[in-house]
Each structure stands twice: as structure tokens, then as C-alpha cells.
Amino acid sequence: MDKITIPDFNGKNYFIWELKTKAALSLKRLDSLIKNEKPRNLSCKDEIGWQTENLYTISYIKLSLADEQALQFAAEDNAKVLWDTIRVTFIGRGEDRKIDAGIELKNIAMKNGVPVGDYIARARGISTKCHSLGLDVSPRVLVCHTVRGLIGKFSKVRNIVKTQR
Numbered sequence: 000m001d002k003i004t005i006p007d008f009n010g011k012n013y014f015i016w017e018l019k020t021k022a023a024l025s026l027k028r029l030d031s032l033i034k035n036e037k038p039r040n041l042s043c044k045d046e047i048g049w050q051t052e053n054l055y056t057i058s059y060i061k062l063s064l065a066d067e068q069a070l071q072f073a074a075e076d077n078a079k080v081l082w083d084t085i086r087v088t089f090i091g092r093g094e095d096r097k098i099d100a101g102i103e104l105k106n107i108a109m110k111n112g113v114p115v116g117d118y119i120a121r122a123r124g125i126s127t128k129c130h131s132l133g134l135d136v137s138p139r140v141l142v143c144h145t146v147r148g149l150i151g152k153f154s155k156v157r158n159i160v161k162t163q164r
């Protein structure tokens with residue numbers, strides 16, 4: 000494992016970006032800088048060490064941002080403040096997207112003329128979106144919502160599966 004790759008944070012993938020960035024910073028032993036404030040009363044040597052690690056942490060975070068976000072947070076020079084600012088800025092939007100994805104999954108329905116394979120692929124895509132946003136969808140829940148949305152000649156399958164729960 001020579002190379003660590005983190006997807007660029009584009010404003011829509013906060014939860015997966017946060018997870019991978021925390022893991023990468025942990026591997027580099029820099030995760031404490033996004034969790035803790037700068038210690039007080041550091042010796043000169045410790046101050047230089049903290050500044051160096053802070054600069055590395057900021058660099059890792061900023062390099063994983065898409066251009067728009069990098070410009071938005073360019074002036075920040077403290078790793079914890081940068082991390083908290085990104086979190087506060089995007090966590091609300093992420094929660095909204097998580098709610099919307101859950102509603103989309105609950106309301107999934109097969110449209111007339113759509114092949115069942117396309118419908119199943121759409122359900123998988125919505126499930127993947129839910130997982131990437133941090134919303135756990137069990138296989139049982141996914142099957143329940145997917146089967147409930149079946150129509151036409153698949154309604155018999157729906158009725159059989161519903162009674163077998």
C-alpha cells in the first residue's frame with residue numbers, strides 16, 4: 000500500500016471524503032491535529048514540530064479538495080479550524096441529501112415499459128447513494144422497497160415475496 004488516494008471533495012461526497020481523509024491522516028499520524036486544539040505553552044522545539052505537522056495536515060486536506068472548495072478554504076492556516084469549517088459548511092447539506100436518498104428509496108416504483116433489469120439497477124444505484132451518504136440500508140430493506148415497487152407481470156412475485164417475510 001504505497002499510495003493513498005482520496006476522492007476529491009466536491010461538496011456532494013462529504014461523508015465518504017471525511018471517512019477516507021480521516022483514515023489517511025490517521026495512517027500519517029496526523030489525525031490528532033483535526034481533533035485537538037493547539038497545545039499551550041509549547042517549547043520552541045515542540046512549537047516547530049506542531050507547526051510542521053499542522054502544515055502537513057492542512058496540505059493533505061487542501062489537496063483533497065476540488066478547485067471550488069480549495070479556493071473557499073484557501074486562507075485557513077489551522078488544521079482543526081479548517082476541518083471544523085468544512086464540516087459545518089457541508090454537514091447540513093449532506094443530511095438533506097441523506098434524507099432525500101432515503102425517501103427516494105422508499106418511493107421507488109417500476110414505470111410501465113421499463114425492463115426489470117433497469118429497475119433493479121436503479122434500486123442498486125439508490126442503495127449505493129444511500130451508503131455513500133452514510134445511510135445504512137440493509138439488504139432486507141432494499142429488497143422490501145424494491146419488491147414493493149414491482150408492477151405488471153411482476154405483481155405476482157411481489158405478492159409471494161410479501162407473504163413470505
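According to numbering that gives the first Met the number 0, the residues represented by the sequence shown are 0 to 164, in order.
Yeah, the Cβ is synthetic: ideal placement off N, Cα and C, and Gly gets one too.
- In terms of Cβ geometry, residue 8 and residue 70 do not form a close pair [threshold 8 Å].
- Residue 44: member of the alpha helix (DSSP H) spanning 43-62, first to last residue.
- In the three-state scheme derived from DSSP, where H, G and I count as helix and E and B as strand, residue 72 is classed as coil.
- Residue 20 has its alpha-carbon roughly 7 Å from the corresponding atom of residue 60.
- Residue 68 and residue 102 have their C-alpha atoms spaced approximately 28 Å apart.
- Excluding sequence positions up to five before and after residue 146, its CB lies within less than 6 Å of the CB of 157 and 160, all in the same chain and listed in chain order.
- Contact between the stretch 73-81 and the stretch 33-42 is established, with three or more Cβ pairs separated by less than 8 Å.
- The C-beta distance from residue 124 to residue 97 rounds to 16 Å, too long to meet the 8 Å contact threshold.
- Going by DSSP, residue 22 is part of the alpha helix (DSSP H) stretching over 13-26.
- Boundaries of the alpha helix (DSSP H) around residue 104: 78-105.
- For residue 126, the enclosing alpha helix (DSSP H) stretches over residues 115-131.
- The residue from 151, 143 and 104 with its alpha-carbon nearest to that of residue 112 is 151.
- Under DSSP, residue 8 shares a beta bridge with 64.
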